[in-house]
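Asks: Below: one structure in structure tokens.
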Amino acid sequence: FFLPPGATPAFYRAGFDGLLPSPFSAPPPDGSRAIHAHFNDGNRDEPAAYTSEDRCDVIVDLELPGDAAPRSRAGWHVWARRPFLDADRSPSWSRALYVPWLTAGRNVYANYSVLGRQPLMVMLHGSV
Numbered sequence: 015f016f017l018p019p020g021a022t023p024a025f026y027r028a029g030f031d032g033l034l035p036s037p038f039s040a041p042p043p044d045g046s047r048a049i050h051a052h053f054n055d056g057n058r059d060e061p062a063a064y065t066s067e068d069r070c071d072v073i074v075d076l077e078l079p080g081d082a083a084p085r086s087r088a089g090w091h092v093w094a095r096r097p098f099l100d101a102d103r104s105p106s107w108s109r110a111l112y113v114p115w116l117t118a119g120r121n122v123y124a125n126y127s128v129l130g131r132q133p134l135m136v137m138l139h140g141s142v
């Protein structure tokens with residue numbers, strides 16, 4: 015991640031109910047090999063892995079059709095939005111093989127959005 019000093023990535027509850035990644039807790043090269051007590055082989059949710067949305071200053075969200083997304087909530091400003099291939103709604107052949115003039119019409123895209131509590135220009139240049 016390219017995060018500013020003091021920033022910590024976290025997850026808030028937004029519909030996913032499986033096991034989430036954990037922060038690296040051991041020094042390299044063992045950081046990704048650590049087995050945490052809450053890990054399980056059933057992909058069961060671990061409530062302690064989440065933070066409150068109120069503690070978030072920035073959210074990165076995949077906006078899939080039909081999902082309730084923070085983009086519609088008061089107090090959140092869209093900083094950036096980029097298309098992302100929706101694998102569940104796109105044919106496997108067009109995801110694997112690019113055919114000019116054909117692939118683009120078959121694939122379905124969702125949006126990855128970066129949202130912040132303040133307008134982006136205020137964050138970059140201080141209060142206005």
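Following this note's numbering, the numbering of the sequence shown begins with 15 at its first residue and continues without gaps.
Ideal Cβ positions, reconstructed from N, Cα and C, are used throughout, including at glycine.
Every value quoted in this text rests on a predicted model; they were computed, and no experiment measured them.
Could you check what DSSP says for Pro19 in three-state terms: helix, strand or coil?
Replies: Here residue 19 corresponds to residue number 5 of the sequence shown, with the count starting at 1. In the structure shown, Pro19 sits in coil (DSSP, three-state: anything other than H, G, I, E or B).
Asks: Pairs of beta-carbons, one from the segment 54-66 and one from the segment 99-107, closer than 8 Å: are there three or more?
Replies: The segment 54-66, when compared against the segment 99-107, does not touch it at the 8 Å Cβ threshold.
Asks: Just to confirm, are Tyr126 and Leu76 a CB contact at a threshold of 7 Å?
Replies: To locate residue 126, count along the sequence shown from 1; it is residue 112. To locate residue 76, count along the sequence shown from 1; it is residue 62. Yes. Within cutoff.
Asks: If you follow the alpha helix (DSSP H) that Arg120 is part of, which residue opens it and which one closes it?
Replies: As a first step, residue 120 must be located in the sequence shown, where it is residue number 106. Taken as a continuous stretch (DSSP letters only), the alpha helix (DSSP H) holding Arg120 covers 117-120.
Asks: With a threshold of 6 Å (Cβ to nearest heavy atom), would Pro18 be considered close to the ligand PLP?
Replies: Of ligands this structure carries none, so the ligand PLP is not represented either.
Asks: With a threshold of 6 Å on Cβ separation, who are the neighbours of Thr22 within its own chain once the five nearest residues in sequence on each side are excluded?
Replies: Within the sequence shown, numbered from 1, the residue matching residue 22 stands at position 8. None.
Asks: On a CA-only basis, which of Gly130, Phe16, Phe25 is nearest Ala63? Give me that one, please.
Replies: To locate residue 63, count along the sequence shown from 1; it is residue 49. Selected option, being the one with the closest Cα: Phe25.
Asks: Arg131 and Trp90 look like a contact to me (Cβ under 8 Å); what is the Cβ gap, rounded to whole Å?
Replies: Translated into the one-based positions of the sequence shown, residue 131 becomes position 117. Translated into the one-based positions of the sequence shown, residue 90 becomes position 76. Correct: roughly 7 Å between the Cβ atoms.
Asks: Measuring alpha carbon to alpha carbon, tell me which of Leu111, Arg58, Glu67, Pro19 ends up nearest Leu129.
Replies: Stepping through the sequence shown from its first residue, residue 129 is reached at position 115. Nearest option by C-alpha distance: Glu67.
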